[in-house]
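Novice:
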Amino acid sequence: EIASCLVGSEMCIRDSPSTATDSAGVFTYSSSRVNALTIGTAGSGIANTSDVDFFISGGGTPSAQAAIKTTTLNNGGLSTVEIVNPGRGYGSAPTIKVFRDHTVSTQFAVNTIVAHTNGKIYKATIGGTSGAASPPTHTSGTATDGGITWTFLGTRPVVTATVAATSFKRFKSVSYTHLRADETRGN
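Residue numbers (our numbering): 58 to 244.
This is the structure we're talking about:
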């Protein structure tokens, strides 16, 4: 059987199915993936969707990490989030943190947004290295932390994920052999 995928002066032809198929030549694949996101708390004080960073951890040992993004804000809080890549191979739901956690003695660039364990978020209006003591805790205006000036923004959003097995069936797996344009081969 000749396939018709001409690439430059080469033509691809269909060969035998890969060894990952069943006796009928059908490939079946199943993997646990992030299938839904829930905004538990919208948060506040967020000016732009591009300001929002997600940090995904846990969920076992996935072979590919999920990726998500904010698509809309409403009154400074998350309104919708989107699964950009559901990842694969999760043993349980991963933990999603919106914004990175503040850490002591760490370099933070201008405009970095961090979260404190108290649920508040802060933006670095002057970048530098955070202090060796505790993170900012103020609830208005600015405060310094080591060499950084943090501006209080609002509250940290909370997003959770659910994971479900997703099956892909009925795909025929094929490999291809490249021939020069003047060669043919049939089955």
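Positions of the beta carbon are idealized from the N, C-alpha and C atoms, including for glycine.
1. In whole angstroms, what separates the C-alpha of residue 171 from that of residue 224?
2. Could you check where the beta strand (DSSP E) with residue 132 kicks off and where it finishes?
3. Does the Cβ of residue 73 have 16 or more other Cβ atoms within 10 Å, making it buried, or fewer, making it exposed?
4. Relative to the alpha-carbon of residue 214, which residue among 166, 201, 161 and 136 has its alpha-carbon at the smallest distance?
5. Who pairs with residue 158 in a beta bridge, going by DSSP?
6. For residue 114, write down the residues that DSSP places opposite it in a beta bridge.
7. With 16 other CB atoms within 10 Å as the buried threshold, where does residue 158 fall?
8. Does DSSP put residue 108 in a helix, in a strand, or in coil?
9. According to DSSP, which residues form a beta bridge with residue 182?
10. Nearest by alpha-carbon distance to residue 167: which of 195, 152 and 206 is it?
11. Using 8 Å as the threshold, is the region 179–190 in touch with the region 117–133, meaning 3 or more CB pairs across them?
12. In chain order, what residues of the same chain lie with their CB nearer than 6 Å to the CB of residue 63, ignoring the 5 residues before and after it?
13. Specify the secondary structure class of residue 211 as computed by DSSP and reduced to three states.
14. Considering only their Cβ atoms, is the gap separating residue 217 from residue 97 smaller than 8 Å?
15. Under 8 Å by Cβ, that's how I've got residue 117 and residue 148 pegged, so tell me the actual separation to the nearest angstrom.
16. What's the C-alpha gap between residue 155 and residue 86?
17. Out of 106, 163, 179 and 169, point me to the one whose CA is closest to residue 132's CA.
18. Alpha carbons only, please: which of 95, 164 and 169 is nearest the one belonging to residue 110?
Specialist: To lay it out plainly:
1. Residue mapping note: residue 171 aligns to position 114 of the sequence shown, counting from 1. Residue mapping note: residue 224 aligns to position 167 of the sequence shown, counting from 1. Taking the straight line joining both Cα atoms gives about 37 Å.
2. Numbered from 1 along the sequence shown, position 75 holds the residue referred to as residue 132. Here residue 132 belongs to no beta strand (DSSP E), and DSSP marks it neither H nor E.
3. Within the sequence shown, numbered from 1, the residue matching residue 73 stands at position 16. The predicted model places residue 73 with a pLDDT of 38, which falls under 50 and marks its position as unreliable, so this point remains unresolved.
4. Taking the sequence shown and counting its residues from 1, the one referred to as residue 214 is at position 157. If we check each option's Cα against that of residue 214, 136 comes out closest.
5. In the sequence shown, the residue the question calls residue 158 occupies position 101. According to DSSP, which records beta bridges pairwise, residue 158 is partnered with 172.
6. Residue mapping note: residue 114 aligns to position 57 of the sequence shown, counting from 1. Residue 114 is bridged to 152.
7. Here the question's residue 158 lines up with position 101 in the sequence shown. Its Cβ having fewer than 16 others within 10 Å, residue 158 is exposed.
8. As a position in the sequence shown, residue 108 is number 51, starting the count at 1. Residue state, collapsed to three classes: helix.
9. By one-based count along the sequence shown, residue 182 stands at place 125. Answer by DSSP bridge pairing: none, since residue 182 is not bridged.
10. Reading the sequence shown from its first residue, position 110 is the one you call residue 167. Of the listed residues, the one whose Cα sits closest to residue 167 is 206.
11. no
12. Your numbering for residue 63 matches position 6 in the sequence shown. Annotation note: pLDDT 41 at residue 63 (below 50); position unreliable, coordinate value reported separately. Hits under 6 Å: none found.
13. In the sequence shown, residue 211 corresponds to position 154, counting from 1. Three-state DSSP puts residue 211 in a strand.
14. Mapped onto the sequence shown, residue 97 falls at position 40. Mapped onto the sequence shown, residue 217 falls at position 160. It is a contact, given that the beta carbons lie within the stated cut-off.
15. If you number the sequence shown from 1, residue 117 lands on position 60. If you number the sequence shown from 1, residue 148 lands on position 91. Their Cβ separation, rounded to whole angstroms, is 3 Å, which keeps residue 117 and residue 148 in contact under 8 Å.
16. Working through the sequence shown from its first residue, we reach residue 155 at position 98. Working through the sequence shown from its first residue, we reach residue 86 at position 29. Their Cα atoms are separated by approximately 31 Å.
17. The residue given as residue 132 occupies position 75 in the sequence shown. When only C-alpha atoms are compared, the closest one is 106.
18. Locating residue 110 in the sequence shown gives position 53, where the first residue counts as 1. The candidate whose alpha carbon is nearest that of residue 110 is 169.
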